[in-house]
Amino acid sequence: MDTNAEPEQTRHTTNGAGPPIRQLFRDVIADRLPGRRPPQAAMLFDGEVDPDWDDRRFLGDFYNEILHQDTCQPATADGLVLLAALAADDRIPARHRFQAVGLLFKAATVAERHLAATWPATPQHADPDSEARASSVVQAHVPDLLARWPAECPAVRLAIAGLAVVCPTDLTLPALTPRLRTFTHQHPQGTDIGDYVRFVLVLATQDEDQILTVTEKLTDAYWTGTARAVPTRPRALHLLGQMLNKVGIGLTRAPAGQ
């Protein structure tokens, strides 16, 4: 995928502060959240550093500390503030901004995605209160992330678009639709990006019948489907999560720091 991501930032020599990406995250959070920080920030600021951490291992541990194995816990909502801060800072390389927005998407859709995957059983690790709090925190940050659209690379724009239809408002949906039209001209139907963008546009209509029709059409074609008895929104978000993962592969496979 052509992401137009900015070149890799200058790497710093690893020292007692841990791998370079940890140092960068710490600098950004220190600037953006100078007051009381959520408990997950301890992974950035504690003096003790895991000797096995490189960028990849640190990121896995850090993200899992916020959204543990794709489940929401009581502290998850607090940690999402860190992701929102990282996603909104140009010092953070594009691939990591994409990952931060993607994790916000996952946190906001845990309940629906897991319901769709386990139907008719109740998701094993469901925590409705924590899931609701996480969704509310994400929704509060969507307008600021959407406002970054003009300055963002295409890949991060796609992630923000998915987040915007998950947490719609009377202001975000009208702003989103015309911005996505340019993608439909550049990426035809039948391509990963083209299908994703067109599906986001359908979700933005909030027309349940249309959403159900397109969801069934896409899952019958080549995506993992869900039971037909699952309500329309969980089915659609289960599909949207798969699609977002796939369109981001080109960015997340780029060399670390890009």
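Quick note on numbering: the sequence shown equals residues 912 to 1169 in my numbering. From the three backbone atoms N, C-alpha and C, an ideal C-beta is built for every residue, glycine too. Just so we're clear, the structure is a prediction, and the values are computed from it rather than from any experiment.
Which runs of the alpha helix (DSSP H) spanning at least 4 residues fall entirely within the segment 1092–1118, listed in chain order? 1103–1116
Can you give, in chain order, each stretch of the alpha helix (DSSP H) that sits fully within the segment 926–1000 and has at least 4 residues? Within the segment 926–1000, the complete alpha helix (DSSP H) runs of at least 4 residues are 931–943, 953–956, 966–977 and 987–998.
Taking 6 Å as the limit between beta carbons, can you name the residues of its chain near Ile1104, skipping five residues before and five after? Here residue 1104 is taken as the residue at index 193 of the sequence shown, counted from 1. If we look at Ile1104 and ignore the five residues flanking it on each side, its Cβ neighbours are His1098 and Val1158.
Under three-state DSSP, which class holds Arg1144? Sequence index remark: in the sequence shown, residue 1144 carries index 233 (1-based). Correct three-state label for Arg1144: helix.
Whole angstroms is fine: what's the gap from Asp981's alpha carbon to Pro1034's? Here residue 981 refers to the residue found at position 70 when the sequence shown is read from its first residue. Here residue 1034 refers to the residue found at position 123 when the sequence shown is read from its first residue. If I take the Cα positions, the gap works out to 12 Å.
Beta-carbon separation of Thr1137 and Ala1019 under 8 Å? If you number the sequence shown from 1, residue 1137 lands on position 226. If you number the sequence shown from 1, residue 1019 lands on position 108. Going by beta carbons, Thr1137 and Ala1019 fall outside the 8 Å limit.
Taking just the CA atoms, how far does Asp957 sit from Ala998? Locating residue 998 in the sequence shown gives position 87, where the first residue counts as 1. Locating residue 957 in the sequence shown gives position 46, where the first residue counts as 1. Each residue's Cα considered, the two are about 22 Å apart.
Do you know whose CA, among Val1111, Thr1124 and Ala1032, lies nearest Gly1073's CA? Walking along the sequence shown from the start, residue 1073 turns up at place 162. Taking only the C-alpha atoms, the option nearest Gly1073 is Val1111.
Please name the residue in Thr1116, Tyr1133 and His1025 whose C-alpha comes closest to that of Thr1102. Walking along the sequence shown from the start, residue 1102 turns up at place 191. Selected option, being the one with the closest Cα: Tyr1133.
Residues of its chain near Ile1003, where Cβ-Cβ distance is below 8 Å and the 5 sequence neighbours each way are ignored: Taking the first residue of the sequence shown as 1, we reach residue 1003 at position 92. If you ignore the 5 residues before and after Ile1003, its C-beta comes within less than 8 Å of the C-beta of Leu935, Phe936, Val939, Leu997 and Ala1011, all in its own chain and listed in chain order.
Please report the straight-line C-alpha distance between Leu1091 and Asp961, rounded to a whole angstrom. For the purposes of this step, residue 1091 is identified with residue 180 of the sequence shown, where counting begins at 1. For the purposes of this step, residue 961 is identified with residue 50 of the sequence shown, where counting begins at 1. Their backbone Cα atoms lie some 42 Å apart in a straight line.
Classification of Ser1047 by the beta-carbon crowding that lies within 10 angstroms, buried from 16 upward: Along the sequence shown, read from residue 1 onward, the residue named residue 1047 stands at position 136. By the 10 Å Cβ count, Ser1047 comes out exposed.
Secondary structure of Glu1063, DSSP reduced to three states: Locating residue 1063 in the sequence shown gives position 152, where the first residue counts as 1. Glu1063 falls in the coil class under three-state DSSP.
Contact defined as beta carbons within less than 8 Å: I believe Ala1045 pairs with Ala988. What is the distance between those atoms, to the nearest angstrom? To locate residue 1045, count along the sequence shown from 1; it is residue 134. To locate residue 988, count along the sequence shown from 1; it is residue 77. Right, their Cβ atoms sit about 5 Å apart.
Go through its chain and collect everything with a Cβ distance to Thr1126's Cβ below 6 Å, but skip five positions before and after it. Within the sequence shown, residue 1126 is the residue found at index 215, counting from 1. Answer for Thr1126: Arg1146, Ala1147 and Leu1150, listed in chain order.
Any idea what DSSP makes of Asp1040, helix, strand or coil? The residue you call residue 1040 lines up with position 129 of the sequence shown. In this structure, Asp1040 counts as helix in the three-state DSSP scheme.
Cβ shell of Arg943 (< 6 Å), same chain only, five flanking positions each side left out: As a working note, residue 943 is residue 32 in the sequence shown. Counting only Cβ-Cβ distances below 6 Å, and skipping sequence neighbours, we find Ala996.
Give me the residue from Leu1069, Thr1124 and Met954 with the minimum Cα distance to Phe1094. Counted from its first residue, the sequence shown places residue 1094 at position 183. Measuring from the Cα of Phe1094, the nearest candidate turns out to be Leu1069.
Other residues of its chain near Gln951: CB distance less than 8 Å, five sequence neighbours each side excluded: As a working note, residue 951 is residue 40 in the sequence shown. The answer, listed in chain order, is Phe973, Glu976, Ile977, Ala986, Asp989, Gly990 and Leu993.
Should Gly929 be labelled buried (16 or more other beta-carbon atoms within 10 Å of its own) or exposed? To locate residue 929, count along the sequence shown from 1; it is residue 18. So Gly929 counts as buried.
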